[in-house]
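Per the working numbering, the very first residue in the sequence shown carries number 2; after that it's consecutive. Think of the CB as a built atom: it goes at the ideal place given N, C-alpha and C, for glycine as much as any other residue. It should be emphasised that the depicted structure is a prediction, and the values quoted were computed from it without experimental measurement. Working notes, structure below.
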Amino acid sequence: MNETLKVIAERYSCRNYKDEIPSDEILEAIAEAAIQAPSGMNRQAWRVIVVKDKELIHDMETEGMSYLANMEDKSSYNRIMERGGRLFYGAPCMIVVPIDPAQYAPALIDCGILCQNITLAATSLGIANIMCGFTGLAFASGVRAEEFSKRLGFPDGYAFGCSVLLGYANETRAPHIPDKEKITFIE
Ligand SMILES: Cc1cc2nc3c(=O)[nH]c(=O)nc-3n(C[C@H](O)[C@H](O)[C@H](O)COP(=O)(O)O)c2cc1C
């Protein structure tokens with residue numbers, strides 16, 4: 002296996018982080034890997050926002066948890082509570098990726114590709130990570146969406162796409178075993 006395939010095989014979603022924030026040098030390398038992602042027609046209808054502001058992370062987590070707690074379907078809330086009650090699993094920083102779907106309809110696909118660049122770059126540098134769509138819950142009720150968009154510096158018209166939590170693992174986990182049944186060859 003070459004180094005790239007090893008990193009792909011080693012990546013796993015970390016749900017328990019230490020307080021320590023990775024250095025700016027590491028975060029910059031990850032952010033630069035992110036913006037090297039391909040995008041449809043090279044639109045790049047995304048931004049890469051590295052968030053180290055503890056208060057902002059805390060406020061988004063609180064708002065997201067409160068949104069989950071008030072949902073009629075309690076399954077996601079219960080799952081997070083079983084995992085320790087923290088939407089962001091104690092991650093000390095994250096990269097938020099807002100997108101502009103008005104500029105380009107499949108922007109969310111590009112956002113996912115960019116986020117995968119983040120998770121693989123982070124893994125290669127020893128930084129634990131997890132894609133976190135639930136960060137979007139902080140925007141879901143609409144009540145604080147504008148406030149968070151402003152604090153995160155979303156450009157006009159941009160909306161939350163996805164995020165990746167980053168940090169050092171408190172608890173590591175083996176990557177899941179891939180199901181090779183999902184692969185077929187037509188010859
Ligand atoms: C677009 C996307 C959003 C995700 N959002 C969350 C999330 O909000 N919370 C969470 O705990 N895991 C989230 N995950 C992680 C998945 O649950 C995880 O990738 C999956 O269980 C497979 O585990 P693995 O990443 O360790 O292989 C997300 C993954 C993707 C691709």
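Practice task
Compute the minimum distance between the beta carbon of residue 133 and the heavy atoms of ligand 2, and state whether it is under 6 Å.
Solution key: Questions concerning ligand 2 fall outside what the structure shown contains, since the ligands it does hold are ligand 1.
Practice task
Can you check DSSP and say which residues form a bridge with residue 130?
Solution key: The partner list for residue 130 (beta bridge, DSSP) reads 14 and 167.
Problem - beta strand (DSSP E) runs wholly inside the segment 75-108, at least 3 long, in chain order - result: If only complete runs of 3 or more residues are kept, the segment 75-108 shows the beta strand (DSSP E) at 94-100, in order along the chain.
Exercise for the section: Would you mind stating whether residue 140 and residue 99 have Cβ atoms separated by less than 7 Å? Expected result: Not closer than 7 Å, so no.
Problem - Of the listed residues 43, 97 and 58, nearest to residue 111 (C-alpha basis) - result: Distances from the CA of residue 111 to each of 43, 97 and 58 were compared; the closest alpha carbon is that of 43.
Problem - heavy atom of ligand 1 below 6 Å from residue 68 C-beta - result: In this structure, residue 68 has its CB at a distance of at least 6 Å from all heavy atoms of ligand 1.
Handout entry: Simplified DSSP assignment, three categories, for residue 161
Key = Reduced to three states, the DSSP call for residue 161 is strand.
Problem - For residue 51, three-class secondary structure by DSSP - result: Note: residue 51 maps to strand in three-state DSSP.
Problem - Short Cβ contact (7 Å threshold) for residue 49 with residue 125 - result: In this structure, the beta-carbon distance from residue 49 to residue 125 does not fall below 7 Å.
Handout entry: Limits of the alpha helix (DSSP H) - the one that residue 31 falls within
Key = Counting along the chain, the alpha helix (DSSP H) containing residue 31 begins and ends at 25-35.
Practice task
Would you decide whether residue 93 is buried or exposed? Buried here means 16 or more other CB atoms lie within 10 Å of its CB.
Solution key: Counting the other Cβ atoms within 10 Å of the Cβ of residue 93 gives 16 or more, which makes it buried.
Practice task
Identify, in the order they occur along the chain, each residue of the same chain with its Cβ nearer than 6 Å to the Cβ of residue 91, setting aside the five sequence neighbours on each side.
Solution key: The residues are 18.
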